[in-house]
Structures are given as structure tokens and as C-alpha cells.
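Residue numbers (my numbering): 2 to 147.
Structure follows, in C-alpha cells:
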């Protein structure tokens, strides 16, 4: 099956969003105290993994920002990449992300009533979910053509 330039850019955008989401999640979650507790030698390799994922995230974010901003697409291709379906998928992904954040907040609130929670870890998980969830849901919605 032959893909048009717009379809190729859409697929590239989708995979780049998945890479960005994964690298951000690894970068932030590698710093959790829970993750450090499971690391065999303590801080060493988890910090290295987190730093490498952070570099991948920054490089991917710069590539994502500048490659699509400077792409020399004709107006019809740009319109196809930013059509009503894409706008609807963005709105849906942010709505899902908001729901996930509310659910996590309630979960952490209830857990804090039963046990002691680390505030840094809790905020890190909320931040990570807030950034990664829209990326993954948008990529998923784009992939299924919703």
C-alpha cells in the first residue's frame, strides 16, 4: 500500500509521540524512591537510565517542534494534518488525560488515608501522567483513525 506524504508525516508524528511519552516516563519515574529501592546497586544505573531517557526526550521534543514547524508542506497537506478529526482527537486525549489525573488524585488521596505516601513520588507520578497520557491517547486515536 502506497502512503501519501501526509500519511507518512502522520505516522511519524504518532511514533514520535510514543517515543516522547516513553522517554519522559522513564526519565521521571526512574527518579522515584520506589524505583531506587528495587535497583540492585542503588542510584547508579537508575540515574543513568533516567538521564539517557531525559536526553532522548529533549532531543525528540526539539525534533518534533522544529521538524513540523519547518516542514515545507503545501497548504492542502497542512490542512490534512490539522483537520477536524485531528482537533477532535486532541480534545479527546486531553479529556481522557484530565480524567486520569482526577482518578490518580483521588487514588492517592485515599491511599494517603491508609498509609504514608512520599510527596515527591506522588507529584512525580501525577506530573508524568499529565504529560504522558495525552501523548499516548492522541497517538492511539490517530492510529485507529478515530
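By construction, the Cβ of each residue, glycine as well, lies at the ideal position given by its N, Cα and C atoms.
Cβ neighbour criterion (16 or more within 10 Å) applied to residue i
{"i": "residue 107", "result": "exposed"}
{"i": "residue 100", "result": "exposed"}
{"i": "residue 67", "result": "exposed"}
{"i": "residue 63", "result": "exposed"}
{"i": "residue 58", "result": "buried"}
{"i": "residue 143", "result": "buried"}
{"i": "residue 32", "result": "buried"}
{"i": "residue 103", "result": "exposed"}
{"i": "residue 26", "result": "buried"}
DSSP state of residue i mapped onto helix, strand, coil
{"i": "residue 146", "result": "coil"}
{"i": "residue 92", "result": "helix"}
{"i": "residue 119", "result": "coil"}
{"i": "residue 77", "result": "helix"}
{"i": "residue 85", "result": "helix"}
{"i": "residue 33", "result": "coil"}
{"i": "residue 138", "result": "helix"}
Straight-line Cα distance separating residue j from residue i
{"i": "residue 12", "j": "residue 114", "result": "44 Å"}
{"i": "residue 130", "j": "residue 78", "result": "32 Å"}
{"i": "residue 147", "j": "residue 45", "result": "With a pLDDT of 47 at residue 147, under the threshold of 50, the modelled position of this residue cannot be trusted; read the value that follows with caution. Between residue 147 and residue 45, the C-alpha separation is close to 43 Å."}
{"i": "residue 138", "j": "residue 116", "result": "31 Å"}
{"i": "residue 105", "j": "residue 127", "result": "7 Å"}
{"i": "residue 141", "j": "residue 7", "result": "18 Å"}
{"i": "residue 120", "j": "residue 109", "result": "10 Å"}
{"i": "residue 73", "j": "residue 15", "result": "19 Å"}
Residue range of the alpha helix (DSSP H) that includes residue i
{"i": "residue 8", "result": "6–30"}
Anticipated Cβ contact below 8 Å, residue i with residue j, distance rounded
{"i": "residue 125", "j": "residue 29", "result": "5 Å"}
{"i": "residue 20", "j": "residue 61", "result": "6 Å"}
{"i": "residue 54", "j": "residue 24", "result": "5 Å"}
{"i": "residue 112", "j": "residue 65", "result": "In fact, because the Cβ distance is near 34 Å, the residues do not count as touching under 8 Å."}
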